[in-house]
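Visitor: Sequences listed follow chains A and B, in order. Numbered continuously in our numbering, the first sequence closes out at residue 368. Numbered continuously in our numbering, the second sequence closes out at residue 368. Pasting a structure here, questions to come.
2 protein chains.
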Amino acid sequence: MLSNVSKKVKVHNFSAGPGILPEEVLQEAAEACINFDNLNLSLLEISHRSKNYEKVMEEARQLVLDHFEVSADEYDVIYLGGGASLQFAMVPYNFLKNKAAYVNTGVWASKAIKEAKLLGNVDVVASSEDKKFGYIPKNFQVGNDYDYLHITSNNTIYGTQYKTFPKVNVPLVCDMSSDIFSRKIDAKQFSLIYAGAQKNMGPAGATMIMIRKDFLEKSKTGLLTMLDYKTHIKAGSMFNTPPVFPVYVVMLTLRWLKKMGGVSAIEKINEEKARLLYAEIDRNSMFEGTVIAKEDRSNMNVCFRLKNEALESEFDKLWKEANISGIRGHRDVGGYRASLYNALPIESVKVLVEVMQEFERKFA
Amino acid sequence: MLSNVSKKVKVHNFSAGPGILPEEVLQEAAEACINFDNLNLSLLEISHRSKNYEKVMEEARQLVLDHFEVSADEYDVIYLGGGASLQFAMVPYNFLKNKAAYVNTGVWASKAIKEAKLLGNVDVVASSEDKKFGYIPKNFQVGNDYDYLHITSNNTIYGTQYKTFPKVNVPLVCDMSSDIFSRKIDAKQFSLIYAGAQKNMGPAGATMIMIRKDFLEKSKTGLLTMLDYKTHIKAGSMFNTPPVFPVYVVMLTLRWLKKMGGVSAIEKINEEKARLLYAEIDRNSMFEGTVIAKEDRSNMNVCFRLKNEALESEFDKLWKEANISGIRGHRDVGGYRASLYNALPIESVKVLVEVMQEFERKFA
Numbered sequence: 005m006l007s008n009v010s011k012k013v014k015v016h017n018f019s020a021g022p023g024i025l026p027e028e029v030l031q032e033a034a035e036a037c038i039n040f041d042n043l044n045l046s047l048l049e050i051s052h053r054s055k056n057y058e059k060v061m062e063e064a065r066q067l068v069l070d071h072f073e074v075s076a077d078e079y080d081v082i083y084l085g086g087g088a089s090l091q092f093a094m095v096p097y098n099f100l101k102n103k104a105a106y107v108n109t110g111v112w113a114s115k116a117i118k119e120a121k122l123l124g125n126v127d128v129v130a131s132s133e134d135k136k137f138g139y140i141p142k143n144f145q146v147g148n149d150y151d152y153l154h155i156t157s158n159n160t161i162y163g164t165q166y167k168t169f170p171k172v173n174v175p176l177v178c179d180m181s182s183d184i185f186s187r188k189i190d191a192k193q194f195s196l197i198y199a200g201a202q203k204n205m206g207p208a209g210a211t212m213i214m215i216r217k218d219f220l221e222k223s224k225t226g227l228l229t230m231l232d233y234k235t236h237i238k239a240g241s242m243f244n245t246p247p248v249f250p251v252y253v254v255m256l257t258l259r260w261l262k263k264m265g266g267v268s269a270i271e272k273i274n275e276e277k278a279r280l281l282y283a284e285i286d287r288n289s290m291f292e293g294t295v296i297a298k299e300d301r302s303n304m305n306v307c308f309r310l311k312n313e314a315l316e317s318e319f320d321k322l323w324k325e326a327n328i329s330g331i332r333g334h335r336d337v338g339g340y341r342a343s344l345y346n347a348l349p350i351e352s353v354k355v356l357v358e359v360m361q362e363f364e365r366k367f368a
Numbered sequence: 005m006l007s008n009v010s011k012k013v014k015v016h017n018f019s020a021g022p023g024i025l026p027e028e029v030l031q032e033a034a035e036a037c038i039n040f041d042n043l044n045l046s047l048l049e050i051s052h053r054s055k056n057y058e059k060v061m062e063e064a065r066q067l068v069l070d071h072f073e074v075s076a077d078e079y080d081v082i083y084l085g086g087g088a089s090l091q092f093a094m095v096p097y098n099f100l101k102n103k104a105a106y107v108n109t110g111v112w113a114s115k116a117i118k119e120a121k122l123l124g125n126v127d128v129v130a131s132s133e134d135k136k137f138g139y140i141p142k143n144f145q146v147g148n149d150y151d152y153l154h155i156t157s158n159n160t161i162y163g164t165q166y167k168t169f170p171k172v173n174v175p176l177v178c179d180m181s182s183d184i185f186s187r188k189i190d191a192k193q194f195s196l197i198y199a200g201a202q203k204n205m206g207p208a209g210a211t212m213i214m215i216r217k218d219f220l221e222k223s224k225t226g227l228l229t230m231l232d233y234k235t236h237i238k239a240g241s242m243f244n245t246p247p248v249f250p251v252y253v254v255m256l257t258l259r260w261l262k263k264m265g266g267v268s269a270i271e272k273i274n275e276e277k278a279r280l281l282y283a284e285i286d287r288n289s290m291f292e293g294t295v296i297a298k299e300d301r302s303n304m305n306v307c308f309r310l311k312n313e314a315l316e317s318e319f320d321k322l323w324k325e326a327n328i329s330g331i332r333g334h335r336d337v338g339g340y341r342a343s344l345y346n347a348l349p350i351e352s353v354k355v356l357v358e359v360m361q362e363f364e365r366k367f368a
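Given below as structure tokens:
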């Protein structure tokens, strides 16, 4: 029997990822570790070929199609291990024949570019590196002879986000790891979307890949089995033992999102959370946002810093006292970063805003 | 707060994998889903760069060295996603330069051979395919000019197991997925050992790779980042977000093994479990073992069948009534397979033996 485990204190979890998950999802995940589906067995010790688990995988795949409002006639969904970093290699390994176009908007985009260059010709058609990735490049041109254009929808480290996506005549591939299912988008403009689960979708250990069928047809042949998207699609994402538990928690999280009203409902809450926090950053005399182009500010990762960095330890003391966790900026950029993923309650943002106001009252 | 979840009925879990895990490990895993390390946060929603998780990864790596009785001066340990199937590709991708030798002892060995052939010259130096993989090839020769010899220590589907390993003058690489840490071996004879976690080590979603440092030095350069063992070894298995929860459960399982007295203690229990079951198969007039060479019978996966297959539904009824689960043979071979992994109590084997005896009394 499970002893009564609980969180003694409410922590406001602004972690950039792995990030906050809904309480009810964590509860169900814990229960499945003991007794899954009333089998009197743990989910961790049953065959992935069992009917009970096959249903989980099917639902986890279907929920992606549902939330993106696309059909199984047009797109396939699989879950793999290895994180988005493995996709940096798999995308060009499967699709780069002639040349590929990439936009460089930060650390993760740069890593994707580096991998693609190991596999073929790559043109960086736009970049915001000139201004420390503080904006999203716009109005760039992409010729029709590229195999695909690769973009990164949201940049966790620099706190920028595409508000509209480039209109191009080549297949559009998107690393959506850090803002997937946070807002309504037209998924049909993408030929391939991938996302490490550990922000809005679930825990670390599973990566979702959604591929348009007519794009998949263009993929290369003679590939290594496990690195060939076709292998996994043909096998319904069960070619070999999948990351069973991570995919289960993804399924629970996508179910929760549906119950919450889906992407359009969560988008409104996410916009309100971001509006509250950016308004305070802009109003408060002690802070400044780090993104140059305000219109490109991310609704997921809000990056800011103290105007007087000598006061950092004082600010740190205040937010720690308020049980706030995970707002230190990435080690490459410093400052602060509050990640407002789907499962973060608006109450946590209000607590952070109060702490910032208290800080101003005390130290201005 | 966690509601009181429990298993209502004791199920005897003979699943071939993902396989049975210790009750106390499942309990701790469930608790970590709610409140990990008294952080008032779930393990599923904290940064893998947190000190608390870095300690988990370090311990999970160290415990492998401890159980193999080797030192961190000689070997490195990492955990990746993708399962053993990804290692079928990564081993030749990193190490196959001139030619590699493989032994074919079943389905998994065949898959490893297929991947290696996509990457270079491969010689199958021994095979038991001639007799449906019912034995382990012995006394074969391997020239000194191979980059490595690849073997599969235990064959889950056919129920065979190397009792001693080939003595060769080239680096020995072993897929140990299904019998790792089940028995004392001299790990120093291996240059690389890999294992999907989901049998004796933990849940699905993490794969352990242990590599000798002097072998790693021979690996190729210019590789794709995520498929290069050096990437992960340099980063302490934290180059990118690892499969956080699966590695945690591996750590718990390896801790449990240590508490149980380690590999030499579990080996004695595993031998007794296998002895009990094989003795009954050989004694009972209704059954026969499927492995031709009795000396190669696996202590992990015991494969057998009814002499009169028309009675299958009768036997199935009996073992299901006894709350036995997971003893159907692999779909490629049929019959029955009882997997006796480390966490399976000897009591479960006794229950199966009793059911077999009852079956004989009723239907002989």
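We put the CB at the ideal spot given by N, CA and C, even for glycine.
Starting from His71 of chain A, trace the alpha helix (DSSP H) in both directions and tell me its first and last residue.
Guide: For this step, residue 71 of chain A is matched to residue 67 along the first sequence. 55-72 is the extent of the alpha helix (DSSP H) around His71 of chain A.
Visitor: Which residue's Cα is closest to the Cα of Ser4 of chain A: B:Ala201, B:Gly110, B:Glu49?
Guide: Any question about residue 4 of chain A goes unanswered here, given that chain A covers just 5 to 368.
Visitor: Compare the C-beta of Gly85 of chain B with all C-beta atoms of chain A and state if any pair is closer than 8 Å.
Guide: Here residue 85 of chain B is taken as the residue at index 81 of the second sequence, counted from 1. True, the Cβ-Cβ gap to chain A drops below 8 Å.
Visitor: So, does the CB of Cys37 of chain A fall closer than 8 Å to a CB anywhere in chain B?
Guide: The residue you call residue 37 of chain A lines up with position 33 of the first sequence. So yes, Cys37 of chain A belongs to the interface.
Visitor: Using the Cα positions of Asp218 of chain A and Val81 of chain A, report the straight-line distance between them to the nearest angstrom.
Guide: Taking the first sequence and counting its residues from 1, the one referred to as residue 218 of chain A is at position 214. Taking the first sequence and counting its residues from 1, the one referred to as residue 81 of chain A is at position 77. C-alpha separation (whole angstroms): 14 Å.
Visitor: Assess contact between the region 39-59 of chain B and the region 77-93 of chain A, defined as three or more Cβ pairs (one per stretch) separated by less than 8 Å. Is contact present?
Guide: They do not touch, by the three-pair rule.
Visitor: Tell me which same chain residues have a C-beta within less than 8 Å of the C-beta of Glu271 of chain B, skipping the five on either side of it?
Guide: Within the second sequence, numbered from 1, the residue matching residue 271 of chain B stands at position 267. Contacts found: Ser186, Arg187, Lys188.
Visitor: Could you have a look at Ser89 of chain B and say whether DSSP puts it in helix, strand or coil?
Guide: Here the question's residue 89 of chain B lines up with position 85 in the second sequence. In this structure, DSSP gives Ser89 of chain B a helical state, which the three-state scheme calls helix.
Visitor: Between the beta-carbon of Phe99 of chain A and the beta-carbon of Lys222 of chain A, is there less than 8 Å?
Guide: As a first step, residue 99 of chain A must be located in the first sequence, where it is residue number 95. As a first step, residue 222 of chain A must be located in the first sequence, where it is residue number 218. In this structure, Lys222 of chain A lies closer than 8 Å to Phe99 of chain A by Cβ.
Visitor: Check whether the Cβ atoms of Trp260 of chain B and Pro96 of chain B lie closer than 8 Å to each other.
Guide: If you number the second sequence from 1, residue 260 of chain B lands on position 256. If you number the second sequence from 1, residue 96 of chain B lands on position 92. Cβ distance not < 8 Å, so Trp260 of chain B and Pro96 of chain B don't count as in contact.
Visitor: Strictly under 8 Å for the Cβ-Cβ distance: is Met180 of chain A near chain B by that measure?
Guide: Here residue 180 of chain A corresponds to residue number 176 of the first sequence, with the count starting at 1. For Met180 of chain A, the answer is no, since every Cβ of chain B falls outside 8 Å of its Cβ.
Visitor: What does Ile215 of chain B pair with, by DSSP beta-bridge criteria?
Guide: Taking the first residue of the second sequence as position 1, residue 215 of chain B is located at position 211. DSSP, once it has assigned bridges, lists B:Asp80, B:Leu196 as partnering Ile215 of chain B.
Visitor: Enumerate in chain order the residues of its own chain whose CB-to-CB distance from Glu318 of chain A is below 8 Å, with the five nearest sequence positions on each side excluded.
Guide: Sequence index remark: in the first sequence, residue 318 of chain A carries index 314 (1-based). Annotation for Glu318 of chain A: Phe363, Lys366, Phe367 place their beta carbon closer than 8 Å to its own, counting only its chain and skipping 5 residues before and after.
Visitor: Under 8 Å between C-beta atoms, does Asn108 of chain A make it to chain B?
Guide: Counting from 1 along the first sequence, the entry for residue 108 of chain A is found at position 104. Taking Cβ atoms only, chain B never reaches closer than 8 Å to Asn108 of chain A, which makes this a no.
Visitor: Taking C-beta to C-beta, are Leu258 of chain B and Leu67 of chain B nearer than 8 Å?
Guide: Here residue 258 of chain B is taken as the residue at index 254 of the second sequence, counted from 1. Here residue 67 of chain B is taken as the residue at index 63 of the second sequence, counted from 1. For Leu258 of chain B and Leu67 of chain B, yes; Cβs fall inside 8 Å.
Visitor: Can you pull out the residues from the region 271-293 of chain A whose beta carbon lies closer than 7 Å to at least one beta carbon of chain B?
Guide: Under the 7 Å Cβ criterion, the region 271-293 of chain A contributes no residue.
Visitor: Mapping DSSP to helix, strand and coil, what is Gly266 of chain A?
Guide: By one-based count along the first sequence, residue 266 of chain A stands at place 262. Correct three-state label for Gly266 of chain A: helix.
Visitor: Tell me whether Phe40 of chain A is buried or exposed, calling it buried when 16 or more other Cβ atoms sit within 10 Å of its Cβ.
Guide: Within the first sequence, the letter at position 36 stands for residue 40 of chain A. Under this definition Phe40 of chain A is a buried residue.
Visitor: So who's on the other strand from Arg309 of chain B, going by DSSP bridges?
Guide: Counting from one through the second sequence, the residue named residue 309 of chain B turns up at place 305. According to DSSP, which records beta bridges pairwise, Arg309 of chain B is partnered with B:Glu292.
Visitor: Report yes or no: is there a C-beta of chain A within less than 8 Å of the C-beta of Pro170 of chain B?
Guide: By one-based count along the second sequence, residue 170 of chain B stands at place 166. False, the Cβ-Cβ gap to chain A never drops below 8 Å.
Visitor: Relative to the alpha-carbon of Ser19 of chain A, which residue among A:Met255, A:Asn346, A:Leu123 has its alpha-carbon at the smallest distance?
Guide: For this step, residue 19 of chain A is matched to residue 15 along the first sequence. If we check each option's Cα against that of Ser19 of chain A, A:Asn346 comes out closest.
Visitor: By alpha-carbon positions, which one of A:Leu176, A:Asn173, A:Tyr162, A:Asn158 ends up nearest to Ile184 of chain A?
Guide: Walking along the first sequence from the start, residue 184 of chain A turns up at place 180. Ranking the options by Cα distance to Ile184 of chain A, first place goes to A:Asn158.
Visitor: For Thr225 of chain A, would you say it is in contact with chain B, using Cβ-to-Cβ distances shorter than 8 Å as the test?
Guide: Translated into positions along the first sequence, residue 225 of chain A becomes position 221. Proximity of Thr225 of chain A to chain B, defined by a Cβ-Cβ separation below 8 Å, is not satisfied.
Visitor: Report the three-state DSSP secondary structure of Gln165 of chain B (helix, strand or coil).
Guide: Residue numbering aside, residue 165 of chain B sits at position 161 when the second sequence is read from its first letter. Strand.
Visitor: Using a Cβ cut-off of 8 Å (strictly closer), state whether Leu100 of chain A contacts chain B.
Guide: Position 96 of the first sequence, counted from the start, is the residue given in the question as residue 100 of chain A. Residue contact with chain B for Leu100 of chain A: absent (no Cβ-Cβ distance below 8 Å to any residue of chain B).
Visitor: How about Thr229 of chain A: is its C-beta nearer than 8 Å to some C-beta of chain B?
Guide: Stepping through the first sequence from its first residue, residue 229 of chain A is reached at position 225. With 8 Å as the cut-off, Thr229 of chain A counts as an interface residue toward chain B.
Visitor: How is the beta strand (DSSP E) around Leu176 of chain B delimited, first residue to last?
Guide: As a first step, residue 176 of chain B is located in the second sequence; it is residue number 172 there, counting from the start. Taken as a continuous stretch (DSSP letters only), the beta strand (DSSP E) holding Leu176 of chain B covers 176-179.
Visitor: Within this structure, are the beta carbons of Ala33 of chain B and Cys37 of chain A separated by less than 8 Å?
Guide: Residue 33 of chain B sits at position 29 when you count from the first residue of the second sequence. Residue 37 of chain A sits at position 33 when you count from the first residue of the first sequence. Cβ atoms of Ala33 of chain B and Cys37 of chain A: closer than 8 Å.
Visitor: Quick one: measure Cβ to Cβ for Leu90 of chain A and Met94 of chain B, integer angstroms, because I've assumed they're closer than 8 Å.
Guide: Here residue 90 of chain A is taken as the residue at index 86 of the first sequence, counted from 1. Here residue 94 of chain B is taken as the residue at index 90 of the second sequence, counted from 1. Their Cβ separation, rounded to whole angstroms, is 11 Å, which puts Leu90 of chain A and Met94 of chain B out of contact at 8 Å.
Visitor: Using alpha carbons as the reference points, say which of B:Leu43, B:Ser289, B:Arg53, B:Phe72 lies closest to Lys262 of chain B.
Guide: In the second sequence, counting from the first residue as 1, residue 262 of chain B sits at position 258. Here the closest residue by C-alpha is B:Phe72.
Visitor: At a Cβ threshold of 8 Å, is Glu364 of chain A touching chain B?
Guide: In the first sequence, the residue the question calls residue 364 of chain A occupies position 360. Under the 8 Å criterion on CB atoms, Glu364 of chain A is classed as non-interfacial with respect to chain B.
Visitor: Could you name the residues of chain B that Thr245 of chain A contacts, counting a contact when the two beta carbons are closer than 9 Å?
Guide: Locating residue 245 of chain A in the first sequence gives position 241, counting from the first residue. Within 9 Å Cβ-Cβ: Gly21, Pro22, Gly87, Ala88, Ser89, Gly200, Gln202, Ala208, Gly209.
Visitor: Just to confirm my understanding: we take Tyr162 of chain A, look at its own chain, exclude 5 residues before and 5 after, and list those with CB closer than 6 Å. What are they?
Guide: Working through the first sequence from its first residue, we reach residue 162 of chain A at position 158. For Tyr162 of chain A, the CB contacts under 6 Å within the same chain, skipping 5 residues up- and downstream, are Gly110, Phe137 in chain order.
Visitor: Starting from Ile50 of chain A, find everything on chain B with Cβ-Cβ shorter than 7 Å and list it in chain order.
Guide: Here the question's residue 50 of chain A lines up with position 46 in the first sequence. Ser19, Pro22, listed in chain order.
Visitor: Among A:Asp336, A:Arg287, A:Met360, which has the Cα closest to the Cα of Glu325 of chain A?
Guide: For this step, residue 325 of chain A is matched to residue 321 along the first sequence. When only C-alpha atoms are compared, the closest one is A:Met360.
Visitor: Between the region 297-314 of chain A and the region 138-148 of chain A, can you find at least three pairs of beta-carbon atoms closer than 8 Å?
Guide: yes
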